[in-house]
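Working notes, structure below.
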Amino acid sequence: MKHSLSGAEEVIHFAAESHNTRSETDPDLFYRTNVEGTKVMLEESFKAGIKKFIHISTDEVYGSIVNGYFSETDKLLGDSQATSAYSKSKSQADDLAMEFGKNYPVIVLRPTNNFGPWQYPEKALPRWITNIILGQKIPLWGEGMQVRDWLYAPVTAECLEFLLQKGEAGNAYNVAANHNPEITNKTAAEWLCEISGVNRDEYIQYIPDPRPNHDFRYALNIDKITKLGFKPAIDPFNQFKETAQWYKNNRQWWEKRKAEAESIYK
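So my numbering is basically just the index in the sequence shown, starting at one, shifted up by 653.
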């Protein structure tokens, strides 16, 4: 790591274990990677004289919210409140980053659910897209009314470029799409069927929710970052369409990863 950091001025710390279902089977791995790994990154970065460190967090550090929106000043999940080893580990990593931020130039970015090209097919949208391509059904958990504020990955990248220039050290920032109307998982699945030209009634399969503590709704207030000057570019249907087209054009990338991704759901 010392060699990698040599000559660098800025670090964007993406590295993490990032899937709730996987975290249920190996919580220790999530702690080692997301908490201990973040601690090492912070320590080594500032030993190397890094001038700005952006820690990539998640909306899941706040938990689920029935109505309204979480802001950066809201309390993060405690260990006993976290509904998965993933959210628990990310909340602990946030605490570490903000503690370092008292003495070093640290910024924490908390985005909502990202999607786009190159996303591993264990995640919901690429899983559903690749299932459709393979002629398989979309497994929709429960009634499919869970709300996720889907944020296009290129928009998150633009946000990071913005924060490298204008982000204030020692601060956390939310970034979200704030879709209006909100997008339920059912709506997302129906859109993907429409985009792919298949019959939703034939491709969507409702199954019992396998996650007993499944968070119902994530929603973030983004006033802080918009007042700083960043406004996310939001066009969800077309961004879903671009993503689906990428997976259609890059079957050789995801097909060899599909079986392992599906194995975690069995």
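We put the beta carbon where it would ideally sit given N, CA and C, even for glycine.
From a predicted model like this one, the values you see are computed outputs, not experimental measurements.
Where do the ends of the beta strand (DSSP E) carrying PHE706 lie? Sequence index remark: in the sequence shown, residue 706 carries index 53 (1-based). In the DSSP assignment, PHE706 falls within the unbroken beta strand (DSSP E) covering 705 to 709.
Nearest-angstrom Cα distance between SER916 and ARG910? Along the sequence shown, read from residue 1 onward, the residue named residue 916 stands at position 263. Along the sequence shown, read from residue 1 onward, the residue named residue 910 stands at position 257. C-alpha separation (whole angstroms): 10 Å.
Within 10 Å of its beta-carbon, does THR765 have 16 or more other beta-carbons around it, so buried, or fewer, so exposed? By 1-based counting over the sequence shown, the position of residue 765 is 112. Counting C-beta atoms within 10 angstroms of its own C-beta, THR765 has 16 or more neighbours from the protein chains shown and is therefore classed as buried.
Using a threshold of 7 Å, state whether the C-beta atoms of ALA825 and ILE718 are closer than that. As a first step, residue 825 is located in the sequence shown; it is residue number 172 there, counting from the start. As a first step, residue 718 is located in the sequence shown; it is residue number 65 there, counting from the start. When the beta-carbon positions are compared, ALA825 and ILE718 stay at least 7 Å from each other.
Going by the DSSP bridge assignment, what does VAL759 pair with across the sheet? In the sequence shown, residue 759 corresponds to position 106, counting from 1. Residue pairing by DSSP places VAL759 opposite PHE706 in a beta bridge.
Output needed for HIS867: all residues of its chain with C-beta closer than 8 Å, excluding positions within five of it in sequence on either side, in chain order. The residue given as residue 867 occupies position 214 in the sequence shown. When the five nearest sequence neighbours on each side are left out, the beta carbons in the same chain lying within less than 8 Å of the beta carbon of HIS867 are those of THR736, TRP794, GLY795 and GLN799, in order along the chain.
So TYR859 is in the beta strand (DSSP E); what residue range does that whole segment cover? Mapped onto the sequence shown, residue 859 falls at position 206. For TYR859, the enclosing beta strand (DSSP E) stretches over residues 857 to 860.
CA-CA distance, ALA886 and VAL808? For the purposes of this step, residue 886 is taken as the residue at position 233 of the sequence shown. For the purposes of this step, residue 808 is taken as the residue at position 155 of the sequence shown. VAL808 has its alpha-carbon roughly 6 Å from the corresponding atom of ALA886.
Note down, in chain order, each residue of its chain lying with its Cβ closer than 7 Å to the Cβ of SER744, except the 5 sequence neighbours on either side. Looking up residue 744 in the sequence shown gives position 91. Closer than 7 Å at the Cβ level, and outside the excluded window around SER744, lie VAL714, LEU729, LEU730 and ALA735.
Roughly how many angstroms lie between the CA atoms of LYS753 and VAL759, to the nearest whole one? Taking the first residue of the sequence shown as 1, we reach residue 753 at position 100. Taking the first residue of the sequence shown as 1, we reach residue 759 at position 106. Here the sequence assigns Phe to residue 753, which means Lys is not the residue at that position. Approximately 7 Å between the Cα atoms of the pair.
Assess, as a yes-or-no matter, whether the region 702 to 714 is touched by the region 808 to 817 under the definition of 3 or more beta carbon pairs within less than 8 Å. Contact holds: three or more Cβ-Cβ distances are below 8 Å.
Whole beta strand (DSSP E) elements within the region 749 to 812, 3-residue minimum: You should have 759 to 764 and 791 to 794.
Using a Cβ-Cβ cutoff of less than 6 Å, which residues in the same chain neighbour GLY716 once the five nearest sequence positions on both sides are dropped? Here residue 716 corresponds to residue number 63 of the sequence shown, with the count starting at 1. The residues are LEU730.
Out of PHE699, ARG870 and GLU843, which has the shortest C-alpha to C-alpha gap to ALA897? As a position in the sequence shown, residue 897 is number 244, starting the count at 1. Ranking PHE699, ARG870 and GLU843 by CA distance to the CA of ALA897 puts GLU843 first.
Per DSSP, which one or two residues make a beta bridge with ASN827? As a working mapping, residue 827 is identified with position 174 in the sequence shown. In DSSP, ASN827 forms a bridge with ARG763.
In this structure, what does DSSP give as the bridge partners for GLU663? Locating residue 663 in the sequence shown gives position 10, where the first residue counts as 1. Answer is LYS705.
Could one say the Cβ of GLY690 lies closer than 7 Å to chain C's Cβ atoms, at least one of them? Absent here is chain C; the protein component of the structure consists of one chain.
Taking DSSP as the reference, what is the three-state secondary structure of ARG870? For this step, residue 870 is matched to residue 217 along the sequence shown. Three-state DSSP puts ARG870 in a strand.
Environment of ASP596 [buried if 16+ CB atoms lie within 10 Å]: This structure cannot settle anything about residue 596, because the visible part of the chain is limited to 654 through 919.
Residue closest to ASN687, alpha-carbon to alpha-carbon, out of GLU697, ALA738 and GLY702: Sequence index remark: in the sequence shown, residue 687 carries index 34 (1-based). Of the listed residues, the one whose Cα sits closest to ASN687 is ALA738.
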